[in-house]
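Residue numbers (the working numbering), protein chains in the order written: chain A, 46 to 898; chain B, 63 to 392.
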């Protein structure tokens, strides 16, 4: 096995005299590559998992949801055009604004970047695919199923109507019997899980799938931004998932987390929601800046000025964004000290944002700007976004927010930020990357018309809203009286909204107009320097003809003979000798080749896994528990089949020559494998969700005098001690099995695992007996509910841990898990490290904390 | 470059549009037409911030336009770094520090405690209306609904609470908003400075009738306020006659109170002095006999999901008596 550091990067492409000189040889290689990477024909096309297909479907689906949410917005603007309008009923209007916000955020703004990244990132990194193509496909199908479920609810009049923020107790009392809230909680939780899956995929992609020589300081800026954002998703979405769990437990089983009469507190939801919700804004905004960072240098005709500054600013923004959430809660009656702190933190985020904007301006200054539609949208976006940033500075100031909060001022502000910081850059990127996707250009004339309609319409719609709000119009009202001076402003906004929509319709028309007779664009049509533009027009499914050696941030500008060498297969992996899909894995810091990774091809398993997982969430919405459990078992079986047949494949030989006299292993376990990294990253997110639940426990302790009632704790103590001891023993055995797999021999290895499984199950049992022995009823008070939710979470994780061990046992019995090929046990042992930590925290908090108190 | 100048005209149009919308910022519910100390401070702050934001926007966009138009030269590299750090770090740090200094100072000023001698007001958010209770220093109380009266020139404490969902009390002409959260009592201090009629509204989305959860406010000279409060504390005028009989016969008293009668319900607004209020249905309709008739007969149509059923079945004669009685409860 090659060390984790990898082998030396070859000094350069294969020169004259190599086998690649022969066109016949190259033709043979091309045929084999084409065969290995081609999408399945006919209806089987939909079983494809390659990033070029999945990325395209994902992008189109996200755009579709965006258009749907846009239509909802137009209907709302029509309702608000005049005072006391009767076009929409209050009930329908409330469903519409809830869906508009939820769909734009969860089904467009975040997924479009995951989609775009699945499409673009491998090409920017000259990887043939992302490391887990089937995970991408699973995420995509989950996204479509969950999205259609959530959007479709409005046609049956049961769409969520609690606002995209779903505050309890509205959603637990007045709307207790409304299906819509469950549609939102379960449908979107499902999508959030898919988002986290995509984040894992993208992080591993950026860290491990770069081309040889692309050291960490040569990474394309978009990849940096995606890395930052994917890490943010990992820490931002889990608190929301934890919140969703609490809210759904209260709705379905009456566990009183947010019921003040039984010790709960509605503010916990607000904290959990905004710990997610504020970073969410930057999760949406940063990748758009990443796109700008690809577009601006191209049109300035020179490298970005201040590469390290913009990378540091992106990381800084991501970091700061987790410390601002309370500015959504300035009117909840928090003390001055909190308001002061969060005001200052909110203002501080203007600094890294400012740096990023000035990096673009500086790049334009240093270069020679050319103008085209992408650049038009990019500069328009700066103008709009800067204004949104300036009003953001205003609302970040707590006392001013007491007036502006929850009014149309904020509606205006957030649309300036999101449209300027996200929609315009995405449209710029659509024009910029359209030749990349289809080989053909969009129209300059249509693009210009679209831009001016959108720019004018947008400002007409949203600028007046700042005044509408300060003149007394709250958000989320389906009507308003005349006589408050709001009539003219609202009419202007409505007209503007329709002009804006007309502009966007031009973009849609440009995308879908037939382009049969239009010639293909020339290669690298914008004269860009970045790697993705090496794509041929039209592109091949293999992505790159050979995986290049990278010496510059802009190899197409800086590396002589780059395209010729690449096309003649003079770099790595010019062939698919065994007919398998292969890509390179490199080391994280300096991108030295480590492994030749075989990625799996088309399958229906991921589709069915998504359908069945969707079933669990959708059936639970209707409280059809039996159907839900059946669907869950089916999902589990499908996922196990997928893992069994598609992961940790044992290659037919230990290593192969990937070209340039480089021999790389075909198999890697532990930190050398991408799966280990995926597990590590997933569990980081999982641990964040767990800690959010623990945060809830301590939150109640700080705000409620009756939290941890007298006499709690002692009876459960022995059970918690037993649960921890059994977990510790199971962890020890798992660790031993991983470390000593060779010395134990197959029987010893299997026996160790079997014992660990029994201990894990015993630990889960003891954990459940702990609150039972104290007679804790979760519906009585928030204290027993908080204990039970932590027990439930940890118990399910123990069960999953046992299942994973059983999977390793089965693999070992089947002879697929051996001392030479031991990916599974490495990954499971890693899971158990996290599990041990969770159980330790759970037992310490639940058993010992009541005694301390 | 032609496109550059077009962009500037686009910017000009934006400025023009904003100027036009400034023409009329008056209104009974406008934070920019202040009648209180807090609102005046915050309106002033807004105009200053808006002017500064306008200048900054023009400067940054102008720099961007120049950056696009200038031909590259060899000394640009240092200028670029200077721009990046100056524009991204130094200038914003100075401006934001000044803004925070001022803003956080202002926060302390606006959160000064109320005058201890002043009458306090308890506001309960209901579904979907406002229960208003005046709290005298001696512990006695007077209950009203959907109308807040305040004395001019005094700092008044409002205790904000809710037993159902989260609401937010917002009286923009007088001061900023504050949420009403189940399980907590939040405190808001308002200092009206100008007598007059204002309007306030719930600002936190609270369900189907959120848009129709408003209240009227009258800021009165201190003496008039004291006189009004004395009158408000008295029970309803005697001699209800046929109207009161109708009221009781249809069970209205199960939800509404009229002090001095047997109607003592606590679910809906207290109607003891309903005729003296400006609106019906928490700001849904202006208070007038015809509107009251409409409200009682078509409650559900006028305000979605409100707790009160429509009483369309009341015969005309009874309805006339009922409306006459209620409109007599000054």
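Glycine is no exception: its CB is placed at the ideal position from the N, C-alpha and C atoms.
| field | Sequence-distant residues of its chain with Cβ nearer than 8 Å to residue 854(A) (five each side left out) | value | Against the first chain, residue 854(A) aligns to sequence position 809. The answer, listed in chain order, is 795, 798, 799 and 802.
| Do residue 255(A) and residue 636(A) have their C-beta atoms within less than 8 Å of each other? | To locate residue 255(A), count along the first chain from 1; it is residue 210. To locate residue 636(A), count along the first chain from 1; it is residue 591. A contact, by the Cβ cut-off of 8 Å.
| query | Which of the three DSSP states, helix, strand or coil, is assigned to residue 192(B)? | reply | Start at 1 with the first residue of the second chain, and residue 192(B) comes out as number 130. Of the three classes helix, strand and coil, the one that applies to residue 192(B) here is strand, per DSSP.
| task | Output the boundary residues of the alpha helix (DSSP H) element that contains residue 264(B). | result | Within the second chain, residue 264(B) is the residue found at index 202, counting from 1. No alpha helix (DSSP H) contains residue 264(B), which is instead part of the beta strand (DSSP E) from 258 to 264.
| message | Does residue 87(B) come out as helix, strand or coil in the three-state DSSP assignment? | response | In the second chain, the residue the question calls residue 87(B) occupies position 25. Looking at residue 87(B) - three-state DSSP - the assignment turns out to be coil, as it is neither helix nor strand.
| field | Separation of residue 486(A) from residue 416(A), as counted between CA atoms | value | Position 371 of the first chain holds residue 416(A). Position 441 of the first chain holds residue 486(A). Each residue's alpha carbon lies about 15 Å from the other.
| said: Measuring only the C-alpha atoms, how far is residue 97(A) from residue 105(A)? | reply: On the first chain, residue 97(A) is found 52 positions in, with the first residue counted as 1. On the first chain, residue 105(A) is found 60 positions in, with the first residue counted as 1. Between residue 97(A) and residue 105(A), the C-alpha separation is close to 12 Å.
| field | 8 Å Cβ cutoff, residue 170(B) in contact with chain A | value | Looking up residue 170(B) in the second chain gives position 108. It does: the Cβ of residue 170(B) has a partner Cβ on chain A nearer than 8 Å.
| query | Within 8 Å (strictly less), CB to CB, does residue 470(A) reach chain B? | reply | Numbered from 1 along the first chain, position 425 holds the residue referred to as residue 470(A). For residue 470(A), not one C-beta of chain B is nearer than 8 Å to its own C-beta.
| said: Please report whether the beta-carbon of residue 153(A) lies at a distance below 8 Å from any beta-carbon of chain B. | reply: Residue numbering aside, residue 153(A) sits at position 108 when the first chain is read from its first letter. Residue 153(A) is outside the set of residues whose beta carbon lies under 8 Å from a beta carbon in chain B.
| Which of the residues in the segment 735 to 751 of chain A, read from start to end, lie with their CB under 7 Å from any CB of chain B? | none
| said: As a quick exercise: from 343(B), 352(B), 267(B) and 324(B), pick the residue whose alpha carbon is nearest that of residue 193(B). | reply: Mapped onto the second chain, residue 193(B) falls at position 131. Of 343(B), 352(B), 267(B) and 324(B), the residue nearest in Cα terms is 343(B).
| said: Against chain B, does residue 382(A) count as a neighbour if the rule is that its beta carbon must be under 8 Å from one of theirs? | reply: For the purposes of this step, residue 382(A) is identified with residue 337 of the first chain, where counting begins at 1. So, not an interface residue.
| residue 458(A) (DSSP reduced to helix, strand or coil) | Along the first chain, read from residue 1 onward, the residue named residue 458(A) stands at position 413. Reduced to three states, the DSSP call for residue 458(A) is helix.
| query | Can you name the residues of chain A whose CB is closer than 9 Å to the CB of residue 210(B)? | reply | Here residue 210(B) refers to the residue found at position 148 of the second chain. Think of a sphere of 9 Å around the beta carbon of residue 210(B): no beta carbon from chain A falls inside it, the nearest being about 15 Å out.
| Every unbroken beta strand (DSSP E) within the segment 678 to 710 of chain A, with a cutoff of 3 residues, ordered by chain | Every beta strand (DSSP E) of 3 residues or more that sits fully in the segment 678 to 710 of chain A is shown, in chain order, as 700 to 702 and 708 to 710.
| Beta-carbon neighbours of residue 364(A), restricted to chain B and to distances below 7 Å | Indexing the first chain from 1 puts residue 364(A) at position 319. Proximity of chain B to residue 364(A) at the Cβ level (cut-off 7 Å) is not reached, the minimal Cβ distance being about 16 Å.
| query | So is residue 236(B) in contact with chain A if we call contact Cβ pairs under 8 Å? | reply | For this step, residue 236(B) is matched to residue 174 along the second chain. No, no contact with chain A.
| said: I'd like the span of the alpha helix (DSSP H) that includes residue 446(A), first residue to last. | reply: Counted from its first residue, the first chain places residue 446(A) at position 401. Under the DSSP assignment, residue 446(A) falls in the alpha helix (DSSP H) whose first and last residues are 443 to 449.
| said: Taking 7 Å as the cut-off, is the C-beta of residue 370(A) nearer than that to any heavy atom in the ligand SAM? | reply: Ligands displayed in this structure: none; no statement on the ligand SAM is therefore possible.
| message | Determine whether the beta carbon atoms of residue 573(A) and residue 550(A) lie at a separation below 8 Å. | response | Locating residue 573(A) in the first chain gives position 528, where the first residue counts as 1. Locating residue 550(A) in the first chain gives position 505, where the first residue counts as 1. Not closer than 8 Å, so no.
| said: Do residue 327(B) and residue 337(B) have their beta-carbon atoms positioned less than 8 Å apart in this structure? | reply: Position 275 of the second chain, counted from the start, is the residue given in the question as residue 337(B). Position 265 of the second chain, counted from the start, is the residue given in the question as residue 327(B). Contact: no.
| message | Do residue 628(A) and residue 257(A) have their beta-carbon atoms positioned less than 8 Å apart in this structure? | response | For the purposes of this step, residue 257(A) is taken as the residue at position 212 of the first chain. For the purposes of this step, residue 628(A) is taken as the residue at position 583 of the first chain. It is not a contact, given that the beta carbons lie outside the stated cut-off.
| query | Roughly how many angstroms lie between the CA atoms of residue 119(B) and residue 234(A), to the nearest whole one? | reply | As a first step, residue 119(B) must be located in the second chain, where it is residue number 57. As a first step, residue 234(A) must be located in the first chain, where it is residue number 189. Using only the alpha carbons, I get a separation of about 39 Å.
| residue 830(A) and residue 767(A) closer than 8 Å at C-beta | Position 785 of the first chain, counted from the start, is the residue given in the question as residue 830(A). Position 722 of the first chain, counted from the start, is the residue given in the question as residue 767(A). No; because the gap between Cβ atoms is not below 8 Å, this pair is not in contact.
| said: I need the boundaries of the beta strand (DSSP E) containing residue 300(A), first residue and last residue. | reply: Within the first chain, residue 300(A) is the residue found at index 255, counting from 1. Per DSSP, residue 300(A) lies in no beta strand (DSSP E) and is assigned neither H nor E.
| Nearest CA to the CA of residue 698(A): which residue from 723(A), 706(A), 643(A) and 771(A)? | Against the first chain, residue 698(A) aligns to sequence position 653. Closest by alpha carbon: 643(A).
| message | For residue 264(A) and residue 772(A), I'd like the C-alpha separation in whole angstroms. | response | The sequence position of residue 264(A) within the first chain is 219, counting from 1. The sequence position of residue 772(A) within the first chain is 727, counting from 1. Rounded to the nearest angstrom, the two C-alpha atoms are 42 Å apart.
| query | Do residue 250(B) and residue 220(B) come within 8 Å of each other at the CB atom, strictly closer than that value? | reply | One-based indexing of the second chain puts residue 220(B) at position 158. One-based indexing of the second chain puts residue 250(B) at position 188. Yes, Cβ-Cβ distance for residue 220(B) and residue 250(B) is below 8 Å.
| task | Return the CA-CA distance between residue 718(A) and residue 332(A), expressed in angstroms with no decimal places. | result | The residue given as residue 718(A) occupies position 673 in the first chain. The residue given as residue 332(A) occupies position 287 in the first chain. Rounded to the nearest angstrom, the two C-alpha atoms are 27 Å apart.
| message | If the cut-off is 7 Å on Cβ atoms, which residues from the segment 317 to 335 of chain B count as contacting chain A, listed in chain order? | response | From the segment 317 to 335 of chain B, no residue has a Cβ closer than 7 Å to chain A.
| query | For residue 112(A), which of 127(A), 138(A), 85(A) and 144(A) has the nearest alpha-carbon? | reply | Taking the first residue of the first chain as position 1, residue 112(A) is located at position 67. Comparing Cα-Cα distances from residue 112(A) to each of 127(A), 138(A), 85(A) and 144(A), the minimum goes to 144(A).
| query | Which residues does DSSP pair with residue 212(B) in a beta bridge? | reply | Stepping through the second chain from its first residue, residue 212(B) is reached at position 150. Residue 212(B) is bridged to 281(B).
| Through-space distance from residue 203(B) to residue 209(B), alpha-carbon basis | Here residue 209(B) refers to the residue found at position 147 when the second chain is read from its first residue. Here residue 203(B) refers to the residue found at position 141 when the second chain is read from its first residue. Straight through space, the alpha carbons of residue 203(B) and residue 209(B) are spaced by roughly 15 Å.
| query | So residue 203(B) is in the beta strand (DSSP E); what residue range does that whole segment cover? | reply | In the second chain, the residue the question calls residue 203(B) occupies position 141. From DSSP, the beta strand (DSSP E) with residue 203(B) extends over 203 to 207.
| task | For chain A, find out if any of its Cβ atoms is closer than 8 Å to the Cβ of residue 256(B); answer yes or no. | result | In the second chain, residue 256(B) corresponds to position 194, counting from 1. Taking Cβ atoms only, chain A never reaches closer than 8 Å to residue 256(B), which makes this a no.
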